[in-house]
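In UniProt numbering, the protein residues as written are 1 to 151.
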């Protein structure tokens with residue numbers, strides 16, 4: 001009995017990391033669903049939209065077809081909001097977890113959190129942690145959605 005050759009790997013659409021990060025930042029800069037961005041599964045081209053800003057680009061008519069486009073996630077979709085803060089606090093400043101949690105009881109939490117980190121000389125550590133977590137989450141998201149990140 002002859003063995004059949006292994007199936008050819010499905011080709012993955014390439015997208016530049018910097019482009020995806022810009023789209024991710026755009027989507028995450030506003031409330032969920034206010035800004036959106038979509039990646040063409042065929043070309044890797046990004047399409048941008050906003051419910052609060054007029055953008056010159058018209059979205060393709062078939063943008064809602066998930067076989068053709070994938071929506072760039074919001075940071076909350078990837079647990080990169082408060083969940084990331086809690087992970088950072090547990091790993092880097094476990095003795096300050098209650099103080100940090102109290103910042104998030106009202107508006108302006110991230111500003112208070114960053115001021116606190118600056119006083120503790122940990123602000124750069126937060127930025128590094130956030131950057132690393134974002135890159136890892138976007139890489140995983142690309143993998144799950146059949147996209148290939150390129151430099």
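The beta carbon of each residue, even a glycine, is placed where N, CA and C say it ideally should be. In this text, all values refer to a predicted model and were calculated from it rather than measured experimentally.
Item	Value
Unbroken alpha helix (DSSP H) run spanning residue 97, endpoints	97-103
Residue 67 vs residue 45 beta-carbon contact at 8 Å	no
Spatial neighbours of residue 81 in its chain, beta-carbon cut-off 7 Å, leaving aside the 5 residues before and after	75
Neighbourhood of residue 34 by C-beta distance below 8 Å, restricted to the same chain and skipping five residues each side	50, 51 and 52
Distance CB(residue 103)-CB(residue 109) smaller than 8 Å	yes
Reduced DSSP secondary structure (H/G/I, E/B, other) of residue 142	helix
Rounded C-alpha distance that separates residue 124 from residue 94	17 Å
Three-state secondary structure (DSSP) of residue 46	strand
Candidates 63, 47 and 62: closest to residue 152 by CA position	Here the chain has residues from 1 to 151 only, and residue 152 is not among them.
Distance between residue 135 and residue 24 (C-alpha atoms, nearest Å)	11 Å
Cβ-Cβ distance between residue 171 and residue 145 below 8 Å	This structure cannot settle anything about residue 171, because the visible part of the chain is limited to 1 through 151.
Nonlocal neighbours in the same chain, by C-beta distance under 8 Å from residue 43, ignoring five residues either side	13
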